[in-house]
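Quick notes on the structure that follows.
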Amino acid sequence: MTVSPPASGPDVVVKSRASRAKHWTRSAAAWLLALTILAAVFAPLLAPADPGQLTLNQLQPPSADHLLGTDALGRDVLSRLLFALRTDLMLMVFAAGLPMLIGTLIGAVAAYFGGVLDAALRWVADIFQALPVYVLLIALVFVLGPGTQSLLVAFSVLGWVVYARLIRTEVRRVREQEYVSASYLLGLSRTAVLFKHVLPNSLRQSFVYLATDMGMALQGIAVLSFFGLGVKAGTPELGAMVSEAQLYLRSHWWLATFPGITIVILGSSVAALGDRLRDRGEVGR
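Heads up, the sequence shown is in the UniProt record's numbering, so the first residue is 1 and it goes up one at a time.
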């Protein structure tokens, strides 16, 4: 029997360096995300001023008195940034979490019981997949009016289909497992088997996609708020802060720079979390 020697050479070194770089990048992203969440949670304690307080110190550059400067209405940018994090994190979680909840329930029930329900789900999902999602999202928010409720309704109406497709595939696979058949022999009803055994073992891919979906939801919320279709005027929100800074991009750089960098950091951190969950899911299979 011939034993192959362990792989070595430049390719192995490159792969090892790439693996270490990926590990450190994801670790940094995890720490940044954790710090962002902590900053949002403790915003009332960390903010040096009321985020909505108007003063006569308009358009002041970053200084010891205002670490990130002030905006055109004299409001402290750091305070607004901290409270904007609370707004965006909350909207991001619910804008992705509500569609997951709705889509998971619909997809699991349709796939498990089959028949007309499963056929109807496939038909509806095919229609939704063929439609321009972002155009419909803008149209829905425009009809419903700006505000957090409108955002959540729009994201839920358009986002549940992906989760329904994911859970449908997993439920159809899990329901054929031997332990599911054994559950019927123990006298459990089909509904009990679905919610006690099939559904809990079918959620891995949905959670993996949830992390990615939160990043996309953050971008969507920021874009809608930038165009005045997101949160109500005056509410601290990252996209709205960038929008308010349009007239001062060249003369007062800090107004758009700090919220813009925050969007990039938060979105990248959530995306890195999604990549880590996806890799773990592939290894666990």
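All C-beta atoms, glycine included, are put in the ideal place defined by N, C-alpha and C. Fair warning: this is a prediction, and the values are worked out from it, not measured in the lab.
- Residue pairing by DSSP places Asp76 opposite Thr70 in a beta bridge.
- In this structure, Tyr248 places its C-beta atom within 8 Å of the C-beta atom of Ala72.
- Residue state for Val231 is assigned as coil, using DSSP reduced to three classes.
- DSSP, reduced to helix, strand and coil, places Trp31 within a helical segment of the structure shown.
- Between Leu89 and Arg75, the gap from beta carbon to beta carbon reaches 8 Å or more.
- Our two residues, Lys232 and Ile221, have alpha carbons roughly 12 Å apart in a direct line.
- Excluding residues up to 5 positions away in sequence, Tyr112 and Val198 lie with their Cβ nearer than 7 Å to the Cβ of Arg175 in the same chain.
- DSSP places Arg26 in the helix class (H, G or I) of the three-state scheme.
- In the three-state reduction of the DSSP assignment, Gly215 falls in the helix class.
- Here Gly230 has Pro146, Leu151, Ile221, Leu224, Glu237, Gly239 and Ala240 as same chain residues with Cβ atoms under 7 Å from its own Cβ, once five neighbours each way along the sequence are excluded.
- Taking the C-beta atoms as reference points, Val180 is found no nearer than 8 Å to Val171.
- Counting along the chain, Trp253 sits inside no alpha helix (DSSP H), nor does DSSP assign it H or E at all.
- Sequence-distant Cβ neighbours of Ala49 in its own chain, meaning closer than 6 Å and more than five residues away, are Asp76 and Ser79.
- In summary, Thr104 is buried, with 16 or more beta-carbon neighbours lying within 10 Å of its beta-carbon over all protein chains present.
- Closest by C-alpha distance to Ile37, out of Ala130, Glu178 and Ala84, is Ala84.
- Taking each of Phe42, Gln177 and Ala139 in turn and checking the Cα distance to Thr87, the smallest one comes out for Phe42.
- Between Ala34 and Leu186, the alpha-carbon positions lie close to 44 Å from each other.
- Assigned with DSSP and collapsed to three states, Arg175 falls in coil, not helix or strand.
- DSSP, reduced to helix, strand and coil, places Gln58 outside both helices and strands of the structure shown, so it counts as coil.
- The beta carbon of Ala245 sits closer than 6 Å to those of Leu255 and Ala256, all from its chain and outside the five residues before and after it, given in chain order.
- With respect to the C-alpha of Phe226, the residue from Val242, Met216 and Thr235 having the closest C-alpha is Val242.
- Cβ neighbours of Ser268 within its own chain (closer than 7 Å, five residues either side excluded): Ala29.
- With respect to the 8 Å criterion, Arg168 and Gly228 are not classified as neighbours on the basis of their beta carbons.
- When the Cα atoms are used, Tyr134 and Asp275 turn out to be separated by approximately 23 Å.
- The residue among Pro61, Leu68 and Ser63 with its C-alpha nearest the C-alpha of Pro51 is Leu68.
- Judged by DSSP secondary structure, Gly239 falls within the alpha helix (DSSP H) whose first and last residues are Leu238 to Glu244.
- In the structure shown, Gly260 adopts helical secondary structure according to DSSP, grouped into three states.
- In the DSSP assignment, Phe142 falls within the unbroken alpha helix (DSSP H) covering Val133 to Leu144.
- Spanning the alpha carbons of Asp118 and Tyr209 requires a straight line of approximately 22 Å.
- DSSP places Leu203 in the coil class of the three-state scheme, outside both helix and strand.
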